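Asks:
In this note's numbering, the protein residues as written are 284 to 490.
1) Can you give me the C-alpha to C-alpha distance between residue 311 and residue 341, rounded to a whole angstrom?
2) Return the Cβ separation of residue 336 and residue 307 in integer angstroms, given the expectation that the two are a contact with Cβ distance under 8 angstroms.
3) What does the Cβ neighbour count give for residue 418, buried or exposed, with the cut at 16 atoms within 10 Å?
4) Let me make sure I understand the geometry here. Which of 408, 375, 430 has the alpha-carbon closest to that of residue 471?
5) From residue 345 to residue 384, what distance separates their C-alpha atoms?
6) Taking the continuous alpha helix (DSSP H) assigned at residue 384, which residues delimit it?
7) Let me confirm a value: residue 490 is counted as buried when at least 16 other C-beta atoms fall within 10 Å, else exposed. Which label applies?
8) Run through DSSP, which three-state label would residue 470 get?
9) In terms of DSSP beta bridges, what is residue 284 paired with?
10) Starting from the C-beta of residue 461, find all residues in its chain whose C-beta is less than 6 angstroms away, skip the five residues before and the five after it, and write them out in chain order.
11) Between which residues of its own chain and residue 465 is the CB-CB distance below 8 angstroms, once the five residues before and five after are set aside?
12) Using 8 angstroms as the cut-off, can you tell me whether the region 422-438 makes contact with the region 366-377, which would need three or more C-beta pairs spanning the two stretches below that distance?
13) From the DSSP output, in three-state form, read off residue 333 for me.
14) Based on DSSP bridge pairs, tell me the residues matched to residue 313.
15) Taking the beta strand (DSSP E) that residue 347 belongs to, which residues open and close that run?
16) Compute the minimum distance between the beta carbon of residue 424 and the heavy atoms of the ligand COA, and state whether it is under 6 angstroms.
17) Just reading off the beta strand (DSSP E) that residue 495 is part of, what are its end residues?
18) Please classify residue 438: does DSSP put it in a helix, a strand, or coil?
19) For residue 405, which residues in the same chain have their Cβ closer than 8 angstroms to its Cβ, ignoring the five residues on either side in sequence?
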């Protein structure tokens, strides 16, 4: 299999961290240069018409895109260690947590970066700085809620590390790297402590 990814983007990082947590080997990484528009090339669009990364090319030539779908596929192939739920009930609650983080934290960070950071101007045209700033405010609302949750439980979805922690970590790190967002500096000590614990995992480094 081949995994099409790009440097610094949070969604490819979610998949590579998921793969690392699983201990999966043998998937060939293929770097797609977003800055040069390689994701819009005819060759790449033939694989993923949406022109986004990540995308997983299977051995039979089919291409699976969308981060959550790729992780679901890999969870099926490599069920241990379990990251998405051991039964229908746990899967539902982990998916709820993961989707909340994806839609209200990671997407908020991404829109903040896309619409306000000058380095993303070439990729996001037109940029709407006011929209980006508003997204940053909404993301912080979610972050404060998450801070309160993490005062009561050790991980995003409850008592154990799951795919939801990967989504949250990669989202926060995207904001940390490009926008200098530090939860602890903004009165969110529990979220900061959680981030620092996850950062200590061997899989948290870039692959």
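Where is the CB? At the ideal position from N, CA and C, for every residue including glycine.
None of the values given here were measured: they were computed from a predicted structure.
Replies: Walking through what the data contain:
1) Taking the straight line from one Cα to the other gives about 11 angstroms.
2) That belief does not hold up - the Cβ atoms of residue 336 and residue 307 are roughly 18 angstroms apart, past 8 angstroms.
3) With 16 or more other Cβ atoms within 10 Å, it is buried.
4) Nearest to residue 471 by C-alpha distance, out of 408, 375, 430, is 430.
5) Just so you know, the alpha carbons of residue 345 and residue 384 end up roughly 29 angstroms apart.
6) For residue 384, the enclosing alpha helix (DSSP H) covers residues 371-384.
7) Reliability of the predicted coordinates at residue 490 is poor, the pLDDT of 44 falling under 50, and the value obtained from them is presented with this limitation in mind. Flag for residue 490 reads exposed.
8) In the structure shown, the three-state DSSP call for residue 470 is coil.
9) Looking at the DSSP assignment, residue 284 forms no beta bridge with any residue, so it has no partner.
10) Short of 6 angstroms from the beta carbon of residue 461, and not among the five residues preceding or following it, lie these beta carbons of its own chain, in chain order: 396, 400.
11) Spatial neighbours of residue 465 in its own chain (CB-CB distance under 8 angstroms, excluding positions within 5 residues in sequence) are listed in chain order as 459, 475.
12) By the Cβ criterion, the region 422-438 is not in contact with the region 366-377, since fewer than three pairs of Cβ atoms, one from each stretch, lie closer than 8 angstroms.
13) It is coil, neither helix nor strand.
14) Beta-bridge annotation (DSSP): residue 313 is paired with 287.
15) Per DSSP, residue 347 is one residue of the beta strand (DSSP E) stretching across 346-348.
16) This structure simply doesn't include the ligand COA, nor any ligand for that matter.
17) For residue 495 there is no data in the structure shown, the boundaries of the chain being 284 and 490.
18) Annotated three-state conformation of residue 438 is strand, per DSSP.
19) Excluding positions up to five away in sequence, the list reads 318.
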